[in-house]
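Structure first, then comments.
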C-alpha cells in the first residue's frame, strides 16, 4: 500500500506547487509530486542524501517491499543472525566437500570412477529415502515447533559435516559414513526448509509471504557468494593441512551454533504451540496474569522439548479416544460444552477438537493440573475469547497445537 499525503501550499508557491508526497514503508525513499505552471507533474525524491539512491537500490533488492511495516518486528534481528550462520555453514560445507572428494578418490590415481559413482549414488539414495520417511513421521510437528526444529536442523547439519570430515580417516568405512551423513543432511533439508516456510509465514505481515521468501533467497545467495570467495581462499590453505582444517571447522561451527541459537531465540511467535500454551497457562494459574507473546517466547525451550508429567496429543482422531461405549460417556461427561473431547487411555491424554477455537481452550483445560489455581479465579482455562489474550498480541485464529511427539 502506497501512502499518499496531500500537501497544502500558499498561493505564492503556485509557480511550483506540491501536489502530494508518497512513500511505501517509513524508511523507504519518499517521493514528492510537484505541479508546474505548464500543468506538468514532476516527481522528485525527498531527502537529498548523497548515497540515498544506492541505499534504496540495495533495500529494494534484498528487503521486502514496504520494510519495515510489511514484516514482523523481529525480522531484522533474525535475518542478521541467519546471515551469519549461513556464512559459517557454507565455509564448513566447503571443508566437508573437499574431504568427501578426497575420500572418493579425487587426485588418487588408484581410484576408479565407477567406485566413486557407486559411493555417490548410495549416499544420495539413502538420503532420498530418509527425506520421505522423516517428512512422513515428523511433518505434522514442524509447523508447531518451528524454532526447535530449526535449531535441530542446524545442529544435525554440523554433525553431518563432522562425519564427512572424518570419513577419509577410515577408508574401509568411508561409504557407510558418508551414507549416514547423507541421511542426516536429508533430514536437515526437510526440517530446515519446512521450518523456514513457517518462519516466513510469521514474518510476512501484508500477505507478502512470496516477497519475503524471495528476498530471503536473495540474501542467502549473496551470503553464499561471499562464502564462495572465502572458500577459494581457504581451500588451498587447508589442502594438505588437516590441523588447520579442524581448527577452522571448530571455530566456524561454534560461531554457527551461536548464531543459530540467537536467531531462533529472537523470534517472537504470536501463535500458541504446546510449549508456549503450557508456559502461558502455568503462569496464569500461578499469578492470574496473562503473558504477552514476547514474554512467553523468552521462556520457550528451543533445544529440548518441554518435560511434562503427562504426554499430551492435541487434534487426535476419534479412534484414539473412543474405543468402547463407556469411553464415549466418560469423554462427553468431562466436557459439558461438547466443543472438544478429553480422553486418557493408559498414560497418554488425547484431545479431539473441532477446530482452532476449540484447540486453545482444550489445551488450556488439559494444562490446568500443572499449577495451583490462584485465589479468586473461578476457572483455570484461558479462552480465546479472553480479551487480555488477544489484546496482548496472541494469535488464537491459527492452530499450532497439533500432535507433538
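Residue numbers (full-length UniProt numbering): 1 to 405.
Quick reminder that beta carbons are idealized off the backbone N, C-alpha and C, glycines included.
These figures come from a predicted structure and were not determined experimentally.
- Burial state of residue 280 is buried, judged by a 10 Å Cβ sphere holding 16 or more other Cβ atoms.
- If you check the CB distance, residue 191 and residue 130 do not come in under 9 angstroms.
- Assignment of residue 33 by DSSP, reduced to helix, strand and coil, places it in the strand class.
- Relative to residue 218, the option among 64, 18, 22 and 207 whose CA is nearest is 64.
- Out of 342, 271, 181 and 88, the CA that lies nearest to the CA of residue 198 is found in 271.
- With respect to residue 160, residue 181 sits close: the two C-beta atoms are nearer than 9 angstroms.
- Pairing residue 85 with residue 221, the inter-Cα distance amounts to about 13 angstroms.
- In this structure, DSSP gives residue 324 a state outside helix and strand, which the three-state scheme calls coil.
- In the three-state scheme derived from DSSP, where H, G and I count as helix and E and B as strand, residue 237 is classed as helix.
- Only residues of its own chain outside the window of five on either side were considered, and among them 103, 174, 177 and 178 have a CB closer than 6 angstroms to the CB of residue 167, listed in chain order.
- Classified as exposed, residue 304 has fewer than 16 neighbouring CB atoms from the shown chains inside 10 Å of its CB.
- In the displayed model, residue 300 falls within coil according to three-state DSSP, outside both helix and strand.
- Rounded to the nearest whole angstrom, the C-alpha separation of residue 249 and residue 118 is 28 angstroms.
- When C-beta atoms of the stretch 90-97 are compared with those of the stretch 280-294, fewer than three pairs fall below 8 angstroms, so the two segments do not count as touching.
- With distances taken between CA atoms, residue 316 lies nearest to 140 out of 140, 231 and 300.
- Per the coordinates, the alpha-carbon of residue 112 lies some 37 angstroms from the alpha-carbon of residue 257.
- Annotated three-state conformation of residue 266 is coil, per DSSP.
- Take residue 87, set aside five residues on each side of it, and the residues of its chain with a beta-carbon closer than 6 angstroms to its own are 223 and 227, in chain order.
- Taking all protein chains in view, the Cβ of residue 128 is surrounded by fewer than 16 other Cβ atoms within 10 Å, so the residue is classified as exposed.
- For residue 20, the secondary structure class from DSSP, reduced to helix, strand or coil, is strand.
- Around the beta-carbon of residue 254, fewer than 16 other beta-carbon atoms lie within 10 Å, marking it exposed.
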